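Participant: The structure under discussion is supplied below as structure tokens; questions concerning it will follow.
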Amino acid sequence: MRLTAGEEDIVLQSAYKETTGTKTTKLHGWGYLSTYPTKNQLLQERLELQAREVEILKEKLAKEAAEREAEKEDLKKSIREEMRQEVHALLAQHGLSTLVQKDNEDLTGLDVPQSQHSRLVIP
Numbered sequence: 012m013r014l015t016a017g018e019e020d021i022v023l024q025s026a027y028k029e030t031t032g033t034k035t036t037k038l039h040g041w042g043y044l045s046t047y048p049t050k051n052q053l054l055q056e057r058l059e060l061q062a063r064e065v066e067i068l069k070e071k072l073a074k075e076a077a078e079r080e081a082e083k084e085d086l087k088k089s090i091r092e093e094m095r096q097e098v099h100a101l102l103a104q105h106g107l108s109t110l111v112q113k114d115n116e117d118l119t120g121l122d123v124p125q126s127q128h129s130r131l132v133i134p
């Protein structure tokens, strides 16, 4: 089992406190010539960490917004299709289905967007 650097540091600090019997708050084991990070360096690291977290949250929000927009579009399409089917059923009940089929046949030969195929114009 391999320990992470943070876990190794915690083990080192607890072993140092047990062997020396001190209650020091100063960290040991940084090395002979190493320097401790300054307050500005610690603050800068904290700011960078928070900036990364904010970016992650922004990405999550953008993804959720895109998913909601896709769901809205799917719902709109299904509602349009249901309405079209209901109109066709009503027209079929009243004997106007041949008129609707004739209009749809006329529209299929033209370069008309699919969204306009479902629009009915009854004179």
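For the sequence shown, this note's numbering assigns the number 12 to the initial residue and increments by one for each residue that follows. Note that CB positions come from ideal geometry on N, CA and C, so glycine has one too. These figures come from a predicted structure and were not determined experimentally.
Whole angstroms is fine: what's the gap from Gly-17's alpha carbon to Leu-23's?
Facilitator: Using only the alpha carbons, I get a separation of about 10 Å.
Participant: Can you give me the start and stop residues for the alpha helix (DSSP H) that Leu-54 sits inside?
Facilitator: That run of the alpha helix (DSSP H) goes 50 to 104.
Participant: Residue range of the alpha helix (DSSP H) that Tyr-27 falls in?
Facilitator: 16 to 31 is the extent of the alpha helix (DSSP H) around Tyr-27.
Participant: Using a Cβ-Cβ cutoff of less than 6 Å, which residues in the same chain neighbour Pro-134 once the five nearest sequence positions on both sides are dropped?
Facilitator: With a pLDDT of only 49 at Pro-134, under 50, the local geometry of the prediction cannot be trusted, and the value read off the model is given with reservation. If we look at Pro-134 and ignore the five residues flanking it on each side, it has no Cβ neighbours.
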